[in-house]
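There are 2 protein chains.
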Amino acid sequence: MPVGTVASVKGVPQDVLEELGVQILLNNTYHLYLRPGVDTVRKLGGVQKFMSWNKPILTDSGGFQVFSLSELRKINEDGVQFRSHLDGSLHFFSPENSIAAEIGLGADIIMAFDECTEFPAEHERTRKSMEMTLRWARRSRDYWHAHKHETPWYDEKTRQMGSPQYQALFGIVQGGMYADLRRESAERTVEIDFPGYAIGGLSVGEPREKTWEMVEATIPLLPKDKPRYVMGVGTPEEIVEYVRLGVDMMDCVLPTRAARHGLLFTSEGKVNIKNARHARDEAPLDPKCGCKVCARYSRAYLRHLYAANEVLAQVLNTVHNLAYYLDTMRRVRQAIQLGEFASSRSAV
Amino acid sequence: MPVGTVASVKGVPQDVLEELGVQILLNNTYHLYLRPGVDTVRKLGGVQKFMSWNKPILTDSGGFQVFSLSELRKINEDGVQFRSHLDGSLHFFSPENSIAAEIGLGADIIMAFDECTEFPAEHERTRKSMEMTLRWARRSRDYWHAHKHETPWYDEKTRQMGSPQYQALFGIVQGGMYADLRRESAERTVEIDFPGYAIGGLSVGEPREKTWEMVEATIPLLPKDKPRYVMGVGTPEEIVEYVRLGVDMMDCVLPTRAARHGLLFTSEGKVNIKNARHARDEAPLDPKCGCKVCARYSRAYLRHLYAANEVLAQVLNTVHNLAYYLDTMRRVRQAIQLGEFASSRSAV
Numbered sequence: 023m024p025v026g027t028v029a030s031v032k033g034v035p036q037d038v039l040e041e042l043g044v045q046i047l048l049n050n051t052y053h054l055y056l057r058p059g060v061d062t063v064r065k066l067g068g069v070q071k072f073m074s075w076n077k078p079i080l081t082d083s084g085g086f087q088v089f090s091l092s093e094l095r096k097i098n099e100d101g102v103q104f105r106s107h108l109d110g111s112l113h114f115f116s117p118e119n120s121i122a123a124e125i126g127l128g129a130d131i132i133m134a135f136d137e138c139t140e141f142p143a144e145h146e147r148t149r150k151s152m153e154m155t156l157r158w159a160r161r162s163r164d165y166w167h168a169h170k171h172e173t174p175w176y177d178e179k180t181r182q183m184g185s186p187q188y189q190a191l192f193g194i195v196q197g198g199m200y201a202d203l204r205r206e207s208a209e210r211t212v213e214i215d216f217p218g219y220a221i222g223g224l225s226v227g228e229p230r231e232k233t234w235e236m237v238e239a240t241i242p243l244l245p246k247d248k249p250r251y252v253m254g255v256g257t258p259e260e261i262v263e264y265v266r267l268g269v270d271m272m273d274c275v276l277p278t279r280a281a282r283h284g285l286l287f288t289s290e291g292k293v294n295i296k297n298a299r300h301a302r303d304e305a306p307l308d309p310k311c312g313c314k315v316c317a318r319y320s321r322a323y324l325r326h327l328y329a330a331n332e333v334l335a336q337v338l339n340t341v342h343n344l345a346y347y348l349d350t351m352r353r354v355r356q357a358i359q360l361g362e363f364a365s366s367r368s369a370v
Numbered sequence: 023m024p025v026g027t028v029a030s031v032k033g034v035p036q037d038v039l040e041e042l043g044v045q046i047l048l049n050n051t052y053h054l055y056l057r058p059g060v061d062t063v064r065k066l067g068g069v070q071k072f073m074s075w076n077k078p079i080l081t082d083s084g085g086f087q088v089f090s091l092s093e094l095r096k097i098n099e100d101g102v103q104f105r106s107h108l109d110g111s112l113h114f115f116s117p118e119n120s121i122a123a124e125i126g127l128g129a130d131i132i133m134a135f136d137e138c139t140e141f142p143a144e145h146e147r148t149r150k151s152m153e154m155t156l157r158w159a160r161r162s163r164d165y166w167h168a169h170k171h172e173t174p175w176y177d178e179k180t181r182q183m184g185s186p187q188y189q190a191l192f193g194i195v196q197g198g199m200y201a202d203l204r205r206e207s208a209e210r211t212v213e214i215d216f217p218g219y220a221i222g223g224l225s226v227g228e229p230r231e232k233t234w235e236m237v238e239a240t241i242p243l244l245p246k247d248k249p250r251y252v253m254g255v256g257t258p259e260e261i262v263e264y265v266r267l268g269v270d271m272m273d274c275v276l277p278t279r280a281a282r283h284g285l286l287f288t289s290e291g292k293v294n295i296k297n298a299r300h301a302r303d304e305a306p307l308d309p310k311c312g313c314k315v316c317a318r319y320s321r322a323y324l325r326h327l328y329a330a331n332e333v334l335a336q337v338l339n340t341v342h343n344l345a346y347y348l349d350t351m352r353r354v355r356q357a358i359q360l361g362e363f364a365s366s367r368s369a370v
């Protein structure tokens with residue numbers, strides 16, 4: 023899932039996302055809550071109508087975003103008090119009003135409100151945090167259940183489809199870097215019963231083997247017949263390996279953020295486009311890539327745009343990196359369909 | 023002609039420019055000379071190949087750009103010494119090496135090196151400046167004539183077409199805000215004999231009626247059967263009126279620069295998209311516009327992108343403003359073809 027923080031994948035128009043074959047986007051509740059505000063998005067029909075994107079959208083709960091404002095937040099059992107990074111104004115997210123925001127934004131998939139445990143953290147501290155996330159998961163589920171009719175589009179979609187149409191609320195497994203806590207969190211989150219499950223609290227500064235170990239410990243305890251989503255990962259090589267572990271969904275700012283810094287993923291490895299050695303290189307960025315950037319522009323031109331600080335650099339780099347990620351996942355899906363994925367690394 | 027200063031119309035990929043029906047782009051010699059440098063562009067086959075744009079490109083001579091660096095330049099008969107706005111390094115443009123740069127960049131239409139007279143300026147000072155521009159026009163023409171085979175693509179295009187292929191070097195009329203000097207400059211520039219003529223030194227701070235008066239004084243003295251180009255104008259209303267005076271070509275940063283500041287041209291007048299009254303407006307920016315921005319997005323979304331400082335704001339705003347300008351000129355051409363243009367203001 024490409025990340026479209028404030029209802030835009032930075033620099034890429036929606037028709038280009040469609041051409042790229044994007045199937046689902048992530049929007050951040052924290053950012054949309056602050057700007058343009060939940061009421062505005064609700065009034066405009068929800069995030070899909072707002073940004074004119076006719077495929078699914080997932081919103082996070084704001085938990086992770088608020089967690090990353092470490093200077094500006096205060097957590098207790100009730101929820102999290104935080105200050106806006108925009109104007110310093112004071113706000114409060116609880117499981118209830120975070121889910122209310124997600125209902126108001128009206129994405130297709132919404133996430134329970136969780137505490138993302140900091141790294142590093144002691145076992146005892148991590149257990150307490152995990153326990154609170156479980157209590158918050160129940161509160162999220164209960165609030166959602168009582169208010170699930172309140173999406174901006176409930177009446178319209180329900181009439182269209184002839185049956186009640188709701189968002190899917192996913193639970194989030196926590197447990198820090200402790201496999202026993204991850205397993206316990208998974209089992210107890212599954213007991214609450216969600217239509218999909220995410221593994222959260224990863225990519226918070228731990229070594230990559232730890233991330234891997236935690237996913238490996240958790241995945242077998244999540245139902246195979248429901249979507250299993252690892253939040254905030256990874257590199258192109260890693261996402262393939264996560265699929266091998268049984269992961270169905272991932273989101274990551276890496277392709278889009280790296281693009282803005284001139285770091286491009288290619289079949290021949292990472293390319294730093296600002297490097298002077300590309301200045302007169304007439305070759306495409308990636309000769310094996312079929313995206314419209316590789317089909318049309320030279321490395322020399324992309325390097326020039328980046329060096330000259332042109333906005334088009336960001337646009338084209340982002341389009342390419344997304345194409346690279348989406349192609350990777352397309353090959354994974356094909357290999358799975360052909361029954362070749364589990365047996366062969368080279369299939370993708 | 024949309025302005026693509028450093029071989030990019032800020033934020034808009036070339037395939038979108040094609041969709042918009044852009045027929046010709048302007049690139050700035052001064053900027054490309056500094057970055058990526060003429061040698062690099064030459065090595066890569068010239069500006070068209072460099073930016074992968076298969077329609078005509080026009081480069082200015084750098085004269086106007088250097089003129090706008092008033093703090094950093096020193097002018098004498100030989101040429102202009104100036105400092106780079108990027109790193110303060112010292113450079114020198116003369117008619118000869120400016121044309122050498124334009125030959126190296128290899129655009130389809132190139133401009134003679136001129137002095138853009140400052141505003142306001144006395145009659146005597148303006149005459150002297152105009153006289154120097156005339157001498158520089160001859161030197162530009164002479165240098166071009168001796169070196170016109172040296173474009174990056176001369177051999178290839180000449181072979182392809184079966185006859186020698188050269189750039190078209192246009193002369194530039196100066197004369198400040200004095201109709202008598204404009205007329206004299208026009209007559210004497212035409213005597214030198216160029217395949218096209220521009221009116222330069224306008225839009226330098228003078229009242230708009232003055233601009234109009236100068237164009238009106240000059241146009242009748244420029245051959246009707248050659249392109250007549252007014253540099254650096256104007257608003258959508260003005261460009262229609264310039265055509266009425268006999269102008270064939272114009273360039274202006276207004277549509278692209280205004281877009282970056284959230285100022286959008288519509289059939290109902292100018293719209294300042296950052297205005298809070300658009301925050302919940304589901305209507306398209308311009309209901310009469312057929313561009314892909316107006317076809318897909320609401321004012322509310324465009325306003326949100328602008329307020330949130332999203333790069334997509336610049337991309338979409340620029341696409342719309344270019345569409346508006348290009349549609350305006352398309353209607354002008356249709357009206358001319360139907361013989362309705364001269365007779366009726368309402369035809370466009």
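Residue numbers (the numbering used here), protein chains in the order written: chain V, 23 to 370; chain A, 23 to 370. We treat Cβ as the ideally placed atom computed from N, Cα and C, and that holds for glycine.
> Quick one, are the C-beta atoms of M351/A and I261/A less than 8 angstroms apart?
Replying inline: yes
> R318/A CB to nearest chain V CB: under 8 angstroms?
Replying inline: yes
>> Using the three-state DSSP reduction, which class does V102/V fall into: helix, strand or coil?
In response: strand
> Do you know offhand how far P258/A's Cα is from F363/A's?
Replying inline: 16 angstroms
> Nearest chain A C-beta to H342/V closer than 8 angstroms, yes or no?
Replying inline: no
> Is F216/A closer than 8 angstroms to G193/A when the C-beta atoms are compared?
Replying inline: yes
> Alpha carbon to alpha carbon, what distance is there between S225/A and E11/A?
Replying inline: What is shown of chain A runs 23 to 370, which leaves residue 11/A out entirely.
>> What would DSSP say about L348/V, mapped onto helix, strand or coil?
In response: helix
> Which chain A residues are close to D109/V, counting only those with a beta carbon under 7 angstroms from its beta carbon?
Replying inline: Ordered by position in chain A, no residue passes the 7 angstroms Cβ test against D109/V, which lies about 13 angstroms from the chain.
> Would R57/V pass as a contact of V28/V if the rule is Cβ separation under 8 angstroms?
Replying inline: Yes, the Cβ-Cβ distance between R57/V and V28/V is below 8 angstroms.
> If you count every other CB in all the chains shown that lies within 10 Å of the CB of M183/V, and 16 or more means buried, which is it?
Replying inline: exposed
>> Going residue by residue through the stretch 151-222 of chain A, where are the continuous beta strand (DSSP E) segments of at least 3 residues, counting only ones entirely within it?
In response: Given a length threshold of 3 residues, each whole run of the beta strand (DSSP E) inside the stretch 151-222 of chain A is given here in chain order: 190-195 and 219-221.
> Listed from N- to C-terminal order along the chain, which residues in the stretch 61-93 of chain V have their beta-carbon within a distance smaller than 7 angstroms of any beta-carbon of chain A?
Replying inline: T62, K65, L66, F72, M73 and S74
>> On the criterion of 16 or more Cβ atoms from any shown chain inside 10 Å, does D130/A qualify as buried, or is it exposed?
In response: buried
>> With the cut-off set at 8 angstroms, would you say L48/V and G26/V are in Cβ contact?
In response: yes
> Mind checking if Y328/V is an interface residue toward chain A, Cβ cutoff 8 angstroms exclusive?
Replying inline: So, not an interface residue.
> Hey, would you say V38/V sits closer than 8 angstroms to Q336/A, going by beta carbons?
Replying inline: no
> How many whole angstroms separate the CB atoms of D82/A and M23/A, which I take to be in contact at a CB cut-off of 8 angstroms?
Replying inline: That belief does not hold up - the Cβ atoms of D82/A and M23/A are roughly 11 angstroms apart, past 8 angstroms.
> Between the Cα of W166/V and the Cα atoms of S116/V, L360/V and G227/V, which residue gives the shortest distance?
Replying inline: S116/V
>> Determine, for A123/V, whether the minimum Cβ-Cβ distance to residues of chain A falls below 8 angstroms.
In response: Output row for A123/V: interface = no.
> Going by C-alpha distance, which of F135/A, L66/A and L156/A is nearest F89/A?
Replying inline: Nearest C-alpha to F89/A: F135/A.
>> Pairs of beta-carbons, one from the stretch 297-309 of chain V and one from the stretch 240-258 of chain V, closer than 8 angstroms: are there three or more?
In response: The stretch 297-309 of chain V is not in contact with the stretch 240-258 of chain V.
> Looking only at its own chain, which residues have a Cβ that is under 8 angstroms from the Cβ of R266/A, when we skip the five neighbours before and after it?
Replying inline: F363 and A364
>> Rounded to whole angstroms, what is the Cα-Cα separation between G227/A and A143/A?
In response: 12 angstroms
> Opposite I79/V in the DSSP bridges: which residues?
Replying inline: L47/V
>> As a quick exercise: from E40/V, L66/V, N331/V and G256/V, pick the residue whose alpha carbon is nearest that of N76/V.
In response: E40/V
> Which chain V residues sit within Cβ distance under 9 angstroms of S30/A?
Replying inline: Near S30/A (Cβ distances below 9 angstroms), the residues of chain V are Y323, H326, L327, A330, E332, V333, L334 and A335.
> Leaving out five residues before and five after G68/V in sequence, what residues of the same chain have Cβ atoms less than 6 angstroms from its Cβ?
Replying inline: G128, P174 and W175
> According to the Cβ coordinates, are V44/V and L338/V closer than 8 angstroms?
Replying inline: no
> Alpha carbon to alpha carbon, how far is H171/V from P186/V?
Replying inline: 8 angstroms
>> Starting from F86/A, trace the alpha helix (DSSP H) in both directions and tell me its first and last residue.
In response: G85 to F89
> When burial is assigned at 16 or more other CB atoms within 10 Å of the CB, is S120/V buried or exposed?
Replying inline: buried
> Ends of the beta strand (DSSP E) at N294/V?
Replying inline: G291 to N294
>> So Q196/V contacts chain A; which residues on that side make the cut at Cβ distance below 9 angstroms?
In response: Scanning chain A for C-beta atoms nearer than 9 angstroms to the C-beta of Q196/V yields nothing, as the closest lies near 30 angstroms away.
>> By the three-class DSSP mapping on this structure, what secondary structure does Y251/V have?
In response: strand
>> Since H342/V and L286/V should fall inside the 8 angstroms C-beta cutoff, what is the C-beta to C-beta distance between them, to a whole number of angstroms?
In response: The beta carbons of H342/V and L286/V sit about 6 angstroms from each other, so the pair counts as a contact at 8 angstroms.
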